[in-house]
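So for the sequence shown, this note's numbering puts the first residue at 2; every next one is plus one. Only one structure is covered here, and it is reproduced in the block below.
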Amino acid sequence: MLLNGNGSANGNGGANGNGNGGNGHEDGRRVTFGRAGRILITGGAGFIGSHLAERLLAMGSTVTAVDDLSTGRFENIAHLAERPEFRFVHETVMNESVMDRLVCESDMIYHLAAAVGVNLIIKSPVQTIETNVLGTEAVLRLARRYRRKVLIASTSEVYGKSDNHPYQEDDDRVLGPTARSRWAYAESKALDEFLALAYHKEYRVPVVIARLFNTVGPRQTGAYGMVIPRLVKQAVAGEPLTVYADGRQSRCFCDVRDVVRALTGLAESADAEGEILNVGSEQEITILELARRIIGLAESGSRIEFVPYQTAYDSDFEDMRRRVPNTGKIRRTLGWAPRISLDDTLREVIAEFTAKAAGAPAAGARKIAAARVIPA
Ligand SMILES: NC(=O)c1ccc[n+]([C@@H]2O[C@H](COP(=O)([O-])OP(=O)(O)OC[C@H]3O[C@@H](n4cnc5c(N)ncnc54)[C@H](O)[C@@H]3O)[C@@H](O)[C@H]2O)c1
């Protein structure tokens, strides 16, 4: 079902509560939030949000996705749009009257809406700060009003450029100067964490903070600087894979299906309430090795081209050499660990980009035309 910001539908059926479909966790851990229920996902048409919506629907929830489609795409959720237990609201989280109604009608909120990606942050620092700070503040205020639980999607960026690997949740943070706009993302997300913890402490709003490390998989776009879709697109097109600096900087990539399994587990867990937990893979790979692996798996004839950061970004761009999580806390809390290998994820992303390059119409493109999304 599709709604505009005023809540008038061009489908039928509201997001009616269907009760809790079982409160027990598979391994007997304490659970506060039932498996089914009425769920609001902000940023629900985004990369992670769309996979989360799929998982929650499979768990028996009704799902409302609110998204302004700034970096998200309707195609990501087009395959869900006709399901009566799913609705899409094309609106910004800054619209407080719409958000008031959506939060009131929900049992729980996954707050994923944010200005995301290094390119976007450097290009639009005002939008980054305002969306990430004011949007989160609005969600928390409404969650307090209606006593709803909120999961906040934070980021490994909050650790900044600390060399103290692997990063643990209560580590000190090392950030660059405010004059460098790339740090605005880390700081705005850190402020979200402070706010969420403050609402929890002062007003007893049930919150949980997931610090996501690099999350990858189908539907991720390279348009905002994400490395895997960017390199895969180049490999599939037979173009040089552009690796920044010497390529020895490393990252840990976790499949989005593993990440959303962690998010729903955290939302259900009583032990995670009021806590910050790292979510990611501990398997480290250099960007150069990643590029070579993509070329191999894609059976591409592309070569690798090294590009200085200063060419790709501003002259004062700073990057982290490594970013490795310690995931002991979420392992202890949920028994969670990633299950999908990087190679399996890469194969899927390569298949997705190969199909696109061959001119296969995006499934959502046809439906978007048929459904005619009502603009906010
Ligand atoms: N993908 C990663 O590797 C990663 C890593 C760390 C943290 N995160 C966090 O996970 C969340 C989801 O990120 P993603 O990777 O899916 O990116 P994404 O860009 O696909 O998702 C963000 C979504 O929020 C929407 N949005 C932005 N501003 C909005 C607003 N004002 N109102 C309503 N919707 C708005 C966008 O249109 C988009 O659909 C973000 O909070 C991000 O900070 C992602």
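Cβ atoms here follow ideal geometry from the backbone N, Cα and C, with glycine treated the same way.
Here residue 157 carries a helix assignment [DSSP, helix/strand/coil]. Rounded to the nearest angstrom, the gap between the Cα atoms of residue 87 and residue 59 is 11 Å.
In the DSSP assignment, residue 147 falls within the unbroken alpha helix (DSSP H) covering 136-147. Between residue 332 and residue 56 a beta carbon distance of about 20 Å is seen, past the 8 Å cut, so the two are scored as non-contacting. For residue 337, the closest C-alpha among the options 283, 218, 352, 325 is that of 283. Separation of residue 237 and residue 220 (C-alpha to C-alpha, rounded to the nearest whole angstrom) is 16 Å. One thing to note: residue 268 has its Cβ within 9 Å of the Cβ of residue 150. Annotation for residue 69: 93 place their beta carbon closer than 6 Å to its own, counting only its chain and skipping 5 residues before and after. Using a C-beta cut-off of 8 Å, the region 75-87 makes no contact with the region 241-249, since fewer than three inter-stretch Cβ pairs fall below that distance.
Distances from the CA of residue 159 to each of 273, 147, 186 were compared; the closest alpha carbon is that of 186.
Comparing alpha carbon positions, the residue from 130, 114, 181, 120 closest to residue 154 is 114. Not one heavy atom of ligand 1 sits closer than 8 Å to the Cβ of residue 347.
Positions of the beta strand (DSSP E) runs, each at least 3 residues long and wholly inside the region 61-143, are given as 63-68, 87-91, 109-112 in order along the chain. Contact between the region 163-174 and the region 194-207 is absent, with fewer than three C-beta pairs closer than 8 Å. Annotation: the region 166-208 contains no complete segment of the beta strand (DSSP E) (minimum length 3 residues). Distance between residue 212 and residue 95, taken at the CA atoms: about 23 Å.
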